[in-house]
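Below is one structure, written out as structure tokens; the observations come after it.
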Amino acid sequence: MLALGIPTQAAVLTSVFTRLTPYEESLELSRLVLLDEVPANAETWLQGRAFRLAAARGVRGIVAHSDPEPRARLTAHSPELVFPGHYGTIYQAKGMDYLGKTRPRRLTLLPDGSVLHSGVRAGSRRLLGGYEPASQQVDHPVLALHSMA
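Using the working numbering, the letters of the sequence shown map in sequence onto residues 34 to 182.
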């Protein structure tokens with residue numbers, strides 16, 4: 034599954050694509066998820082297909098964010114890695130440029146290693162199943178595809 038979408042702020046797009054109209058000529062790669070059993074190179078093929086379809090509709094730039102921070106879940110014996118993190122290698126393989134990192138922000142990690150997003154009230158023990166949230170400082174690398182023509 035690959036989703037191109039609208040980021041929470043236009044500045045995500047306009048800071049990279051200063052001459053493109055945000056939400057019309059530039060979008061954010063919101064999600065790219067495939068099952069492990071999908072054959073090799075499927076991500077690159079899927080990106081290529083989605084980018085060609087977007088270009089046919091006037092999109093000329095896409096911003097993607099990688100997530101390099103590994104995440105672990107707490108078990109009775111030791112932490113267990115649930116997400117190794119990634120640096121956008123698959124995006125760069127498709128020709129996207131590495132542009133640097135975003136400003137650091139604090140994430141709230143739940144005991145299973147998942148992230149409690151900032152839109153959810155993190156202070157509520159009821160929402161967290163009685164657990165204290167663990168915070169982690171991260172800054173995400175930014176990658177962008179400059180030309181889709």
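We treat Cβ as the ideally placed atom computed from N, Cα and C, and that holds for glycine.
Q) For L35, which beta-bridge partners are listed by DSSP? A) Working through the sequence shown from its first residue, we reach residue 35 at position 2. Partner(s): L65.
(Q) Strictly under 8 Å for the Cβ-Cβ distance: is P103 near chain B by that measure? (A) The chain inventory of the structure shown lacks chain B, comprising one protein chain alone.
**Q.** Residues near R106 by beta carbon distance below 6 Å, same chain, minus five either side
**A.** Counted from its first residue, the sequence shown places residue 106 at position 73. A distance below 6 Å between beta-carbons, with the five flanking residues on each side excluded, links R106 to the following residues of its chain, in chain order: E113, V115, D145, G146.
Q: Would you mind stating whether G94 and S59 have Cβ atoms separated by less than 8 Å?
A: Your numbering for residue 94 matches position 61 in the sequence shown. Your numbering for residue 59 matches position 26 in the sequence shown. A contact, by the Cβ cut-off of 8 Å.
Q: Out of G133, Y56, V45, state which residue places its alpha-carbon closest to the alpha-carbon of A88.
A: Residue 88 sits at position 55 when you count from the first residue of the sequence shown. The shortest Cα separation from A88 among G133, Y56, V45 belongs to Y56.
**Q.** Minimum length 4: unbroken alpha helix (DSSP H) runs contained in the region 99–140
**A.** 122–126
Q | Distance between L86 and E109 (C-alpha atoms, nearest Å) | A | For the purposes of this step, residue 109 is taken as residue 76 along the sequence shown, with counting starting at 1. For the purposes of this step, residue 86 is taken as residue 53 along the sequence shown, with counting starting at 1. Residue identity check: residue 109 is Ala in the sequence provided, not Glu. Roughly 47 Å separates the two Cα atoms.
Q | Secondary structure of V148, DSSP reduced to three states | A | Translated into positions along the sequence shown, residue 148 becomes position 115. In this structure, V148 counts as strand in the three-state DSSP scheme.
(Q) Which residue wins for smallest C-alpha separation from I123, given the options W78, R139, P117? (A) On the sequence shown, residue 123 is found 90 positions in, with the first residue counted as 1. Taking I123 as reference, the option from W78, R139, P117 with the minimal CA-CA separation is W78.
Q: Use the C-beta contact count for H34: other C-beta atoms within 10 angstroms, 16 or more gives buried, fewer gives exposed.
A: Here residue 34 is taken as the residue at index 1 of the sequence shown, counted from 1. Per the sequence presented here, residue 34 reads as Met, with His not at that position. With a threshold of 16 other beta carbon atoms within 10 Å, M34 falls short and is exposed.
Q.
Please classify S63 as buried or exposed, where buried requires at least 16 other C-beta atoms within 10 Å of its C-beta.
A. The residue given as residue 63 occupies position 30 in the sequence shown. When all chains shown are included, S63 counts as exposed.
(Q) the ligand FAD and P101: does the residue's C-beta get closer than 7 Å to at least one heavy atom of that ligand? (A) Of the ligands one can find in the structure shown there are none, so the ligand FAD has no counterpart to examine.
Q) Roughly how many angstroms separate the alpha carbons of G118 and H98, rounded to a whole number? A) Sequence index remark: in the sequence shown, residue 118 carries index 85 (1-based). Sequence index remark: in the sequence shown, residue 98 carries index 65 (1-based). Spanning the two alpha carbons is a distance of roughly 12 Å.
Q.
Within the continuous alpha helix (DSSP H) that includes G81, where are the two ends?
A. Locating residue 81 in the sequence shown gives position 48, where the first residue counts as 1. Where G81 is concerned, the enclosing alpha helix (DSSP H) starts and stops at 75–89.
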